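Visitor:
Numbering (the numbering used here), first residue to last: 794 to 1280.
1) Who are the near neighbours of residue 826 in its chain, counting only those whose CB is closer than 8 Å to its CB and skipping five residues on each side?
2) Go through its chain and collect everything with a Cβ distance to residue 988's Cβ below 6 Å, but skip five positions before and after it.
3) Return the residue from the list 1201, 1231, 1232, 1245 that minimises the CA-CA distance to residue 1219.
4) Helix, strand or coil for residue 985, going by three-state DSSP, please let me know.
5) What is the DSSP secondary structure of residue 941, reduced to helix, strand or coil?
6) Is it right to say residue 1215 is buried, meaning 16 or more other beta carbons lie within 10 angstroms of its own, or is it exposed?
7) What are the boundary residues of the alpha helix (DSSP H) that residue 1019 is part of?
8) Taking C-alpha atoms, which residue in 1098, 1212, 1126 lies nearest to residue 1170?
9) Along the beta strand (DSSP E) that carries residue 1104, what are the first and last residues, could you check?
10) Can you tell me the Cβ-Cβ gap for residue 1019 and residue 1059, rounded? I've got them flagged as a contact below 8 Å.
11) In the structure shown, what three-state DSSP assignment does residue 1037 receive?
12) Could you tell me which residues DSSP pairs with residue 901 in its beta bridges?
13) Can you tell me the Cα-Cα spacing of residue 1201 and residue 1079, whole angstroms?
14) Output the distance between the C-alpha atoms of residue 1101 and residue 931, rounded to the nearest integer angstrom.
15) In this structure, what does DSSP give as the bridge partners for residue 1115?
16) What span of residues does the beta strand (DSSP E) with residue 927 cover, start to end?
17) What would DSSP say about residue 823, mapped onto helix, strand or coil?
18) Can you grab the Cα-Cα spacing for the pair residue 1242 / residue 1154, in whole Å?
19) In three-state DSSP terms, what is residue 872?
20) Quick test of the definition: if touching needs 3 or more C-beta pairs under 8 Å, does the stretch 1132-1146 touch the stretch 919-928?
21) How many whole angstroms separate the CB atoms of residue 1065 and residue 1093, which I take to be in contact at a CB cut-off of 8 Å?
22) To the nearest angstrom, how far is the alpha carbon of residue 854 from that of residue 970?
23) For residue 898, count the other beta carbons within 10 Å of its own beta carbon; 16 or more makes it buried, fewer makes it exposed. Which is it?
24) Output yes or no for whether 8 Å exceeds the beta carbon distance between residue 840 and residue 852.
25) From which residue to which residue does the alpha helix (DSSP H) around residue 1058 run?
26) Check whether the Cβ atoms of residue 1107 and residue 1074 lie closer than 8 Å to each other.
27) From the DSSP output, in three-state form, read off residue 1243 for me.
28) Leaving out the 5 sequence neighbours to the left and right, which residues in its chain are closer than 7 Å to residue 863 when beta-carbon positions are compared?
29) If I measure Cβ to Cβ from residue 915 and keep anything under 8 Å in the same chain, skipping five residues before and after, which residues do I get?
30) Apart from the five residues on each side of it in sequence, which residues of its chain come closer than 8 Å, Cβ to Cβ, to residue 1164?
31) Helix, strand or coil for residue 1032 per DSSP?
32) In the DSSP assignment, find the unbroken beta strand (DSSP E) run with residue 1220 in it and report its ends.
33) I believe residue 872 touches residue 795 by the beta-carbon criterion, under 8 Å. Please report the beta-carbon distance rounded to the nearest angstrom.
34) So, at 8 Å on beta carbons, what are the nonlocal neighbours of residue 1054 in its own chain, with the 5 sequence-adjacent residues on each side left out?
35) Can you name, in chain order, every residue of its own chain whose Cβ lies under 6 Å from the Cβ of residue 803, other than the five neighbours on each side?
36) For residue 1113, I'd like the list of residues in its chain whose CB is within less than 8 Å of its CB, leaving aside the five on either flank, ordered along the chain.
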């Protein structure tokens, strides 16, 4: 029965007795179902009366049932069934976790807001194995006694990079704070003005240094810093020289920087360490070839830096972590510092990191299994063919999609302004406005993110796996009310 006015609305108790809600009562409980029905009745009443004020927050579920993007005159009529269906949508929405799988069709390979690097299957397997029950996190199975939680990862890092010592904390900002606090508290640290960066979330290098207890000493200017600037600033109060890789922005034009090797030699002449915040932490030489100007971990080590730190979830393609490599004496001080306990990784991050690093022992295996490398290094011609195939599938269902050249990016504060050639589907959702289709894509399960330009949606396939392509096709067919193919 069509509901034309507030008096036609069914009673809440009557709706709650409907058998269509029985399964929801069993899976989610009676009280949440009752609250959902009550709220949807309120939203419907506001719609029917045209009451002024903010739109009811649950009106979106009624809109999904009655037709997104339509005006009130062309929407499907409000009915008892639409109230029940909207209640189901609300309950399903509330039952979904806040952090869940999304389909990334933006072309940003390391999308910070989407969790940066997807993990390799080997890392997922290791993580699952260690989280299902107990794990040898701090137990030495050879000696049969308590061990050290990062020992296996540290040994792997030393073998992989050929360094004296290594340790791991929960992110790269923590690695920098730990290095400065353990090695330079109360002493000056020299940094070029061009490297006083903000790393995101309004966290800035000067503030990180202040929290560590080290004293900031700026040298040079924003666009030009010379070796002599560092040399003039060194005195008895100097504790270290700090090099910060500008991983999330570029300075171009009338500029001058000091080479890391020259900086290391100067530091060592004065008996000081050089701390190198590498940031993104590129390990793959093939990936480095794709990103000109992006230093690798091997480059940083070859420069003679005494302590190097970088992220685990950027160009390495692993879990969030701050990886620290360097001289044994300095790493030892950091490992013994009280902040080490506050910054330590849990068993999930360590198991996933160890599995990821193990893949890098063979560069070909890493290229084959690390999703970041697979996505960034995927052949452009093959990508175009995949895009054309997906466009043909949509055309078969009367959805027009053009295949267009695209520019993906690394994202995640890595390799700014360096595009990665890609291909995308371009869909102009006439007569619907782009905002309506975007909303429908975000409301889909799983949600789908893409780019928009000139009232056109762009779905970049460089950040889509094969299964994600199938999910995207199904979602578009559903949203455009086309027949969804059986799996």
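Positions of the beta carbon are idealized from the N, C-alpha and C atoms, including for glycine.
From a predicted model like this one, the values you see are computed outputs, not experimental measurements.
Guide: Once the coordinates are examined:
1) 809, 814, 817, 818, 880, 884
2) 1037
3) 1245
4) strand
5) coil
6) With 16 or more other Cβ atoms within 10 Å, it is buried.
7) Where residue 1019 is concerned, there is no enclosing alpha helix (DSSP H), given that its DSSP letter is neither H nor E.
8) 1212
9) 1100-1104
10) With a Cβ gap of about 11 Å, residue 1019 and residue 1059 do not count as contacting.
11) Strand at residue 1037.
12) 1202
13) Each residue's Cα considered, the two are about 17 Å apart.
14) 25 Å
15) Bridge partners of residue 1115: 962, 1104.
16) No beta strand (DSSP E) holds residue 927; DSSP gives it neither H nor E.
17) Of the three classes helix, strand and coil, the one that applies to residue 823 here is helix, per DSSP.
18) 34 Å
19) strand
20) yes
21) Actually they do not touch by this definition, with Cβ atoms about 17 Å apart.
22) 46 Å
23) buried
24) yes
25) 1053-1062
26) yes
27) coil
28) Only weak support exists for where residue 863 lies, its pLDDT of 49 falling under 50; the coordinates are left without a value.
29) 1148, 1149, 1151, 1152, 1162
30) 910, 911, 912, 913, 1110, 1258
31) Reduced to three states, the DSSP call for residue 1032 is strand.
32) 1213-1220
33) 6 Å
34) 1095, 1096, 1097
35) 873
36) 909, 963, 964, 1104, 1105, 1106, 1142
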